[in-house]
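For reference, the structure is listed below as structure tokens.
There are 2 protein chains.
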Amino acid sequence: MVIGIYGLGRFGSFWASTLSKVADVQAYSRSSEAPEGVRAVTEEEICKSDILFLCNSISSVEEVCKRISPKLKRGAIVADTCSVKVYPIQVMRDNLPDYVHILGTHPMFGPDSGRYGVQNLPIAVCAERIGQRELDRILDLFTGLELRIEQLTAEDHDHEAAYSQGITHFIGRTLNLLHLKPSRISTTGYEDLLDIIQQTCNDRWQLFLDLQKYNPYTEEMRKKLHSSIEEMLVKLDSIDSIGDN
Amino acid sequence: MVIGIYGLGRFGSFWASTLSKVADVQAYSRSSEAPEGVRAVTEEEICKSDILFLCNSISSVEEVCKRISPKLKRGAIVADTCSVKVYPIQVMRDNLPDYVHILGTHPMFGPDSGRYGVQNLPIAVCAERIGQRELDRILDLFTGLELRIEQLTAEDHDHEAAYSQGITHFIGRTLNLLHLKPSRISTTGYEDLLDIIQQTCNDRWQLFLDLQKYNPYTEEMRKKLHSSIEEMLVKLDSIDSIGDN
Chain A
147 MVIGIYGLGR FGSFWASTLS KVADVQAYSR SSEAPEGVRA VTEEEICKSD
197 ILFLCNSISS VEEVCKRISP KLKRGAIVAD TCSVKVYPIQ VMRDNLPDYV
247 HILGTHPMFG PDSGRYGVQN LPIAVCAERI GQRELDRILD LFTGLELRIE
297 QLTAEDHDHE AAYSQGITHF IGRTLNLLHL KPSRISTTGY EDLLDIIQQT
347 CNDRWQLFLD LQKYNPYTEE MRKKLHSSIE EMLVKLDSID SIGDN
Chain B
147 MVIGIYGLGR FGSFWASTLS KVADVQAYSR SSEAPEGVRA VTEEEICKSD
197 ILFLCNSISS VEEVCKRISP KLKRGAIVAD TCSVKVYPIQ VMRDNLPDYV
247 HILGTHPMFG PDSGRYGVQN LPIAVCAERI GQRELDRILD LFTGLELRIE
297 QLTAEDHDHE AAYSQGITHF IGRTLNLLHL KPSRISTTGY EDLLDIIQQT
347 CNDRWQLFLD LQKYNPYTEE MRKKLHSSIE EMLVKLDSID SIGDN
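So the sequences go chain by chain: A and B.
Counting from 1, position 232 in the first sequence corresponds to residue 378 in the working numbering; the numbering is continuous, with no gaps.
Counting from 1, position 53 in the second sequence corresponds to residue 199 in the working numbering; the numbering is continuous, with no gaps.
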């Protein structure tokens with residue numbers, strides 16, 4: 147069983163490297179070198195993988211699906227790894243042949259949160275168009291990495307992710323505009339806040355944009371956050387200032 | 147040397163209990179019971195302490211100073227513990243007799259962050275109207291608790307605190323309005339965010355208000371944060387939505 151990784155960006159390289167500890171992994175990238183323990187192959191060859199993980203950006207999923215579609219192996223499993231699920235699964239359904247299995251996955255970690263290992267970290271799995279036997283192969287693979295598997299629908303994933311990962315990235319990116327600095331009198335809460343800024347801003351700007359634009363629930367989340375902030379500002383402004391209360 | 151604690155709210159009780167491990171501590175409160183190891187005394191008696199920590203809310207510092215002023219012991223050290231420093235130090239200067247020493251302190255922790263001990267946690271110290279010998283007594287006391295002492299001016303403290311503790315509390319309280327929930331697919335960044343909400347909202351609402359209203363730099367901080375959020379929202383709205391980029 148050969149596992150293929152399509153795309154060796156920040157996450158793709160990390161995922162290839164992680165999987166290579168428990169499986170035979172080959173990878174394709176137009177520009178990046180394969181990490182240690184991973185075989186670099188051509189685009190033709192990567193399409194012949196038994197399990198193919200798409201590790202390109204959300205915005206390029208459609209283009210990639212169109213490119214690989216005619217070259218895929220019958221009975222292969224194609225799994226995206228995007229941070230949203232409704233959109234890429236629909237794109238895979240629309241563009242990949244009926245004779246391949248389709249699975250949505252979202253590893254809820256990356257090179258930062260997984261730097262000390264991925265044990266017990268969650269991976270979301272949306273079993274959309276896949277046989278039970280094929281699904282079990284994937285689940286066994288994730289179990290081998292000691293991941294915590296969370297099966298849910300793409301809709302549920304996107305709603306929950308908007309109000310967890312989505313809001314965290316929005317806060318991190320927004321605070322980053324303020325150029326906050328470490329402080330000698332920081333509270334532990336502030337140190338947690340600096341960690342959030344650093345972690346979210348370590349990811350590519352494109353990932354942030356994709357998280358905000360391709361998840362059908364993030365616009366609503368941002369609107370609610372905006373209202374909460376305005377509510378809080380009004381509340382504070384309505385209170386008498388120093389010495390008057 | 148007797149240490150007095152004026153006010154046994156959430157922080158006062160914690161501070162009395164913490165100090166009682168290394169010193170003789172008595173406390174006064176109109177309504178709360180003294181924690182174990184701390185002697186409950188009258189308002190008259192608490193004013194006779196050698197070192198008196200004011201642990202009441204920022205908004206009541208002036209009233210308390212006026213009450214205790216005529217009863218204080220000559221040569222005593224009066225130290226506030228407010229989360230802002232410019233304002234309470236000015237109030238103490240204006241209201242306490244010349245024959246007592248005045249010190250501003252801000253323990254950068256509380257019952258939550260200090261629940262496993264206060265070792266290595268920072269305490270801000272603003273030596274405003276105090277003799278070197280008296281200052282050394284206080285620093286020795288804090289060293290005995292293994293605190294990390296950070297001496298700075300009240301102005302520097304308030305500016306730095308607005309952009310660290312102040313912004314953290316503002317974010318925590320604002321996010322709390324959204325009723326975010328733990329998620330089975332949470333990233334570590336989101337878990338940090340939930341911790342921040344919980345920690346900041348465990349403190350009294352009055353402390354939050356005081357942090358925002360009595361620090362001369364928090365209004366500017368809130369305005370900058372507001373602008374950053376609007377900037378980010380505009381940036382996201384200007385990008386074409388799903389499938390167009």
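From the three backbone atoms N, C-alpha and C, an ideal C-beta is built for every residue, glycine too.
- The three-state reading of DSSP puts B:C193 in coil, since its state is none of H, G, I, E or B.
- Here B:V271 is actually not in contact with B:Q311; their C-beta atoms are around 16 Å apart, not less than 8 Å.
- The CB of B:Y309 comes closer than 7 Å to the CB of L326 in chain A, given here in chain order.
- Its chain contains A173, S175, S178 as the residues whose beta carbon lies nearer than 6 Å to that of B:L154, once the 5 sequence neighbours on both sides are disregarded; these appear in chain order.
- For B:C201, the three-state secondary structure derived from DSSP is coil.
- For B:C211, the uninterrupted alpha helix (DSSP H) run begins and ends at 207-214, by DSSP.
- Close to A:S374, with beta-carbon spacing below 8 Å, are these residues of chain B in chain order: T320, L321, L323, L324.
- Per the Cβ contact rule, the stretch 234-254 of chain A is in contact with the stretch 271-288 of chain A (3 or more Cβ pairs under 8 Å).
- Those residues of the stretch 326-356 of chain A placed with their C-beta closer than 7 Å to a C-beta in chain B are L326, S329, R330, I331, S332, T333, T334, G335, Y336, D338, L339, D341, I342, Q345, T346, L355, ordered along the chain.
- The alpha-carbon of A:C193 is positioned some 30 Å away from that of A:P362.
- Only those residues of the stretch 360-372 of chain A whose C-beta falls short of 7 Å from the nearest C-beta of chain B are listed: Y360, R368, K370, L371, H372.
- If the five residues before and after A:F255 are omitted, its C-beta is found closer than 7 Å to the C-beta atoms of V264, L267, all from its own chain and listed in chain order.
- In the three-state reduction of the DSSP assignment, B:P243 falls in the coil class.
- Contact of A:Q358 with chain B is assigned, a C-beta pair being separated by under 8 Å.
- In chain order, R330, I331 make up the part of chain B whose C-beta sits under 7 Å from the C-beta of A:E296.
- Taken through DSSP and simplified to helix, strand or coil, B:V271 comes out as strand.
- Closer than 8 Å to the CB of B:S259 there is at least one CB belonging to chain A.
- Using beta-carbon distances, B:T299 does not count as an interface residue toward chain A, since no partner is under 8 Å.
- Taking a cut-off of 8 Å for Cβ pairs, the stretch 214-221 of chain B and the stretch 368-376 of chain B do not touch, as fewer than three such pairs fall below it.
- In this structure, B:T314 places its C-beta atom within 8 Å of the C-beta atom of A:G335.
- Shown here, B:P234 sits in a helix according to DSSP, grouped into three states.
- At a cut-off of 8 Å between beta carbons, B:I284 makes no contact with chain A.
- Annotated as proximal: B:V168 and B:L291, with beta-carbon spacing under 8 Å.
- In terms of Cβ geometry, A:D302 and A:V230 do not form a close pair [threshold 8 Å].
- When beta bridges are read from the DSSP output, B:E296 appears opposite B:A270.
- Measuring C-alpha to C-alpha distances from A:S374 to each of B:T188, B:L287, B:L326, B:G158 identifies B:L326 as the nearest.
- CA-to-CA, the gap between A:V207 and B:F316 works out to about 38 Å.
- Ranked by how close their Cα comes to the Cα of A:L340, the residues A:L198, A:S329, A:R350 have A:S329 in first place.
- A:L382 and B:N322 have their C-alpha atoms some 16 Å from each other.
- Neighbours of B:F255 in chain A, taken as residues at a C-beta separation under 8 Å, are given in chain order as T333, T334.
- For A:A308, same chain residues with a beta-carbon under 6 Å away, outside a window of 5 residues either side, are N361, Y363, T364, M367 in chain order.
- Burial check for A:V237: the Cβ neighbour count within 10 Å reaches 16 or more, so the residue is buried.
- Residue pairing of B:P253 in beta bridges, as defined by DSSP: B:I269.
- One thing to note: B:F199 has its Cβ within 8 Å of the Cβ of B:I151.
- Taking a C-beta distance under 8 Å as the contact criterion, A:I204 and A:D349 do not qualify as a contact pair.
- The Cβ of B:A225 sits no closer than 8 Å to any Cβ of chain A.
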